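Just below is one structure, and these are the notes that go with it.
2 protein chains.
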Amino acid sequence: MVTDQNAFIRFMLQIPESSKKKVVIIGAGFGGMKLAQKLDKDKFQVVLIDRNNYHQFQPLFYQVAMAGLEPSSISFPLRKAFQNTKDVIIRVAEVLNVDIEQKLITTSEGECSYDLLVLAMGAKTNFYGNQKFEEHTYGLKSLSEALLLRNDLLKDMEAALLEKDYEKRQGYIDITIVGGGATGVEVAGALAELKNFVFPKDYQELDTKEVDIYLIQSGGLLLQGMSNKSSMAAEEFLTKMGVKIIKNTKVVDLVDDKVFLANGETLLSRKVVWAAGITCAKLNGIPETCYVRGNRIKVNDHMQIIENEGIYVIGDQALLSNEKYPDGHPQVAQVAIQMGQHLANLLNGKSNKSFHYKDRGSMATIGRNKAVVDLPNFHFQGFFAWLVWLVVHLFALIGVKNKIFVLFNWIVNYLTYDQSLRLILKADAKSKR
Amino acid sequence: MVTDQNAFIRFMLQIPESSKKKVVIIGAGFGGMKLAQKLDKDKFQVVLIDRNNYHQFQPLFYQVAMAGLEPSSISFPLRKAFQNTKDVIIRVAEVLNVDIEQKLITTSEGECSYDLLVLAMGAKTNFYGNQKFEEHTYGLKSLSEALLLRNDLLKDMEAALLEKDYEKRQGYIDITIVGGGATGVEVAGALAELKNFVFPKDYQELDTKEVDIYLIQSGGLLLQGMSNKSSMAAEEFLTKMGVKIIKNTKVVDLVDDKVFLANGETLLSRKVVWAAGITCAKLNGIPETCYVRGNRIKVNDHMQIIENEGIYVIGDQALLSNEKYPDGHPQVAQVAIQMGQHLANLLNGKSNKSFHYKDRGSMATIGRNKAVVDLPNFHFQGFFAWLVWLVVHLFALIGVKNKIFVLFNWIVNYLTYDQSLRLILKADAKSKR
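From first to last, the protein sequence lines stand for chains A and B.
Per the working numbering, the very first residue in the first sequence carries number 1; after that it's consecutive.
Per the working numbering, the very first residue in the second sequence carries number 1; after that it's consecutive.
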């Protein structure tokens, strides 16, 4: 943090001098990582800025929250990723402002000039402006949020043991998931597995059949955007596993351990997981006119903010519309990765083509032996889909060690029906600063 | 926490009714775990209370702090440990008071009566009453402290990249370890390995040779209590690895990033690891006369607080003196485990013998291929000692999965000279409570 009193000192990110063009990438998600890897380091000096010192594999956050994986198994330190790559400078900082005229960004740790700027900042949870929902529900867009949910889930089970009042106890053990997209479905499935296989062993004093898992979907279909067949299969899987799916309604209010729905129902549940949508964070200095729906930034075929040469946007934050995707591309990892590769090709001078998204399909896992996969021309569900899901996610992880750890965790979990990661890890050591 | 306004409600730990004698064990460390496992459940109902929901393997905390292992690899959830053991009731709570007359303890979560009470609360860092040291140095007696040190170590390396002033930069990258016992020696060794093998790759912009590791020892020998040969070997190993050992002095003051020593030297180092001794926490309700040196509680041969039948103490917290150990037994895991087993035998009615500590030896690891081992009649150092250290610690870990994870981590580390656990994991998600 900038704390020095002397206003004359200019805090700088101390990027080493270079004769090459300086490309500053904000965000080390799927898009930013791919771009940093693929840019020609003989032509460019790359500055990669992220608020964390690691790349995180968002599609598995829900397994961290459900005590199935450790954060380190699905993260990779940026410095290690680029140890053997020259001219990639890593800075851990929060970007606060961009000055388009001066080609300068301001971060929490100092300023940094650029020749080319790439925004790859991703998306965050969308609470649709509702302060109460933001304060009292659990998002799943960072590892620390995932760990918070894990801790509170386990703490509430402990609290339930001490609570003799039926309604209060239900408040502790029940959980509400808002949003029937991939995240909501995967959280609900993982919770159902905990309820069915782990809780009865861990909490023999409780009647764990009383644990209710509610999945609230505003529309009539789960996994909107996937095939009808997959949507139906997901609903059937979840229902069989004991998840209570409540469709065509939404949460209107939260009071203590009560969740009020638009259809008049009241649920007893202290924990509400908010997976009802995403939006992008705005960045100071980007003209308001650039923002479109969900705070995405409109870009042309070359990922540029139109009429602002030198500034590019990729991934969830970019809205690129073409004939096939008039409303923009889906905000998923594959699009971000392909945009990163595309922009690297453009900047390296290897290609001048328009961006063309190659849809590799989409998938969601519900539980052991249960997943749904939509390939462009083929949809399938069940055990084989689950195997495909495992293999695809395993290969997408960065790092051989991470792959081995995740695979080993999954095997242990599959064989024993029981992980041993259920630590309530307190961050209660007093800071020394 | 007890938050209800109604003063008439008695908060209870809700222990199920039982016709058996109720043994309440405070602390699930090495001693408490062993006792809970070995007590005859046909005779006793066991209530195991710990502030954490997991058992932690303290001897490897330093590897967590040095980004070599994950907390979950050296911890084991209590509920999982006792899933298949009937009549072991687990409660996660902080014990606040014991009422000896009424045979009742008060915890943060409610009250609980007992027939027999066992204190197995272990020890904490001893700051010798110095508030400043307590506030500004890093202890290593809990997983959250270990993670805090890891985070700040990595944060300071990032900060050093942005600091052009030589002295301030040294403050960020240098580190002082106070105390030349096993913990201090092991931390210093692990840090030296980071400095020699990891930092040069991660921080190519820095001259990592400038990282200074100071080990301050008040006496003239490291590893006091071990053999002279081991002490000398440890000193030689550390010196060769680049650790600056400063003997026969102590820290007198800390101001900003300066450490002032009694010998007049001033070190530049924001981070000070405090491994200079341990003490026990006192428990309200235990008569003052029971406490002896280091707040340990004097017990007789049957681990009882003398003249208070029904209250036992084991592990670091107990001071049992006999002919061989007139000043009490060493405060190490082996003593705690053997005391737990001994007390279980006594209470089960299997034995009425006095406690006899079987010294299996002591050991410390300094770095790869470098450890010192003192067996009762044989002392050895170097590669073979290091192998013995690895095997002993691996076998002592609870859980097959933990053993495999730790072993795999060590193998990766050994082969690659480089872990990938260097995440600055922020606990910054806003609490929902």
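Here a beta-carbon is modelled for each residue, glycine too, at the ideal position from N, C-alpha and C.
No experiment lies behind these values; they were computed from the predicted model shown.
Starting from residue i and walking both ways along the beta strand (DSSP E), at which residues does that stretch end?
i	result
Ile173(B)	Taken as a continuous stretch (DSSP letters only), Ile173(B) belongs to no beta strand (DSSP E), being part of the alpha helix (DSSP H) at 166-173.
Phe11(A)	No beta strand (DSSP E) holds Phe11(A); DSSP gives it neither H nor E.
Leu117(B)	116-119
Phe260(A)	258-261
Lys86(A)	Note, Lys86(A): premise wrong, no beta strand (DSSP E); not H, not E.
Thr266(A)	266-268
His313(A)	The identity of residue 313(A) in the sequence shown is Val, whereas the question assumes His. Residues 311-313.
Asp253(A)	251-255
Ile25(A)	21-26
Residue i bridges to which residues according to DSSP?
i	result
Val373(B)	Met363(B), Phe380(B)
Phe199(A)	DSSP output for Phe199(A) lists no bridge partner at all.
Cys112(A)	Ile105(A)
Pro77(A)	Tyr54(A)
Thr125(A)	Ile278(A)
Tyr214(A)	Thr176(A), Lys244(A)
Leu423(B)	DSSP, once it has assigned bridges, lists no residue as partnering Leu423(B).
Val273(A)	Tyr138(A), Ile177(A)
Ala233(B)	DSSP lists no partner for Ala233(B).
Val299(A)	Ile305(A)
Arg91(A)	Ile49(A)
Ile396(A)	Note on identity: in this sequence residue 396(A) is Ala, with Ile being the wrong assignment. In DSSP, Ala396(A) forms no bridge with anything.
Asn284(B)	Asn97(B)
Starting from residue i and walking both ways along the alpha helix (DSSP H), at which residues does that stretch end?
i	result
Thr106(B)	That residue, Thr106(B), is in no alpha helix (DSSP H); its beta strand (DSSP E) goes 104-107.
Val187(A)	182-193
Gln45(B)	First-last for Gln45(B): 44-50, but that is the beta strand (DSSP E), not the alpha helix (DSSP H).
Val64(B)	61-65
Arg150(A)	143-161
Thr416(A)	400-416
Leu96(B)	Per DSSP, Leu96(B) belongs to no alpha helix (DSSP H); it is in the beta strand (DSSP E), 95-99.
Ile337(A)	333-348
Lys34(B)	30-38
Lys132(A)	131-136
Applying a beta-carbon distance threshold of less than 8 Å, which residues of chain A neighbour residue i?
i	result
Ile424(B)	Asn52, Asn53, Tyr54, Val92
Glu17(B)	Result: empty, since nearest Cβ-Cβ is about 12 Å, beyond 8 Å.
Glu193(B)	Those do not exist, as Glu193(B) stays about 16 Å from chain A at its closest Cβ, beyond 8 Å.
Cβ closer than 9 Å: which chain B residues qualify as neighbours of residue i?
i	result
Gln14(A)	Leu161, Leu162, Glu163, Lys164, Glu205
Glu186(A)	Those do not exist, as Glu186(A) stays about 19 Å from chain B at its closest Cβ, beyond 9 Å.
Under 8 Å by Cβ, that's how I've got residue i and residue j pegged, so tell me the actual separation to the nearest angstrom.
i	j	result
Lys124(A)	Lys103(A)	Going by Cβ atoms, the distance from Lys124(A) to Lys103(A) rounds to 26 Å, so no, they are not a contact pair.
Val187(B)	Ile177(B)	5 Å
Val272(A)	Leu254(A)	6 Å
Val252(A)	Cys112(A)	That pair is no contact at about 45 Å.
Ile213(B)	Gly184(B)	Incorrect: roughly 11 Å between the Cβ atoms, too far for contact.
Met121(B)	Ala336(B)	Actually they are not in contact, since the Cβ atoms of Met121(B) and Ala336(B) sit about 11 Å apart, beyond 8 Å.
Ser18(A)	Gln45(A)	4 Å
Gly32(B)	Gly310(B)	Contact doesn't hold; Cβ gap of about 17 Å is too wide.
Ser144(B)	Asn409(B)	In fact, because the Cβ distance is near 20 Å, the residues do not count as touching under 8 Å.
Which chain B residues sit within Cβ distance under 7 Å of residue i?
i	result
Pro71(A)	Leu423, Leu425
Lys201(A)	Gln83
Glu167(A)	Chain B residues near Glu167(A): none, gap ~14 Å exceeds 7 Å.
Glu101(A)	Near Glu101(A) there are no residues of chain B at all, since even the closest Cβ is about 25 Å away, more than 7 Å.
Please list, in chain order, the chain A residues whose beta carbon lies closer than 9 Å to that of residue i.
i	result
Lys432(B)	Glu135, His136, Thr137, Tyr138, Leu148, Leu149, Asp152, Arg270, Lys271, Val272
Can you list the residues of chain B that residue i reaches, using a CB-CB cut of under 8 Å?
i	result
Pro145(A)	Before going on, a small fix: residue 145(A) reads as Glu here, not Pro. Those within 8 Å of Glu145(A) in chain B are Ala429.
If the cut is a Cβ gap below 7 Å, which residues of chain A does residue i touch?
i	result
Glu485(B)	Outside the shown range of chain B, which is 1 to 433, sits residue 485(B), and nothing can be said about it.
Glu265(B)	Per Cβ cutoff of 7 Å: no residues; Glu265(B) is ~22 Å from chain A at best.
Starting from residue i, find everything on chain E with Cβ-Cβ shorter than 7 Å and list it in chain order.
i	result
Glu288(B)	Absence of chain E from the displayed structure is noted, the protein chains being A and B.
What residues in the stretch 75-99 of chain A bring their beta carbon closer than 7 Å to a beta carbon of chain B? Ser75, Phe76, Pro77, Arg79, Lys80, Gln83, Val92
Under 8 Å, CB to CB, which of the residues in the stretch 229-247 of chain B have a partner in chain A? none
Give, in chain order, every residue of the stretch 125-138 of chain A whose Cβ lies closer than 8 Å to some Cβ of chain B. Glu135, His136, Thr137, Tyr138
Interface positions of the stretch 400-421 of chain B facing chain A (Cβ-Cβ less than 8 Å), listed along the chain: Lys401, Asn402, Ile404, Phe405, Phe408, Val412, Asp418, Ser420, Leu421
Interfacial residues, the stretch 295-328 of chain B to chain A, with Cβ spacing under 9 Å: none
What residues in the stretch 204-224 of chain B have a beta carbon less than 7 Å from any beta carbon of chain A? Shown in chain order are the members of the stretch 204-224 of chain B whose Cβ falls below 7 Å from a Cβ of chain A: Glu205.
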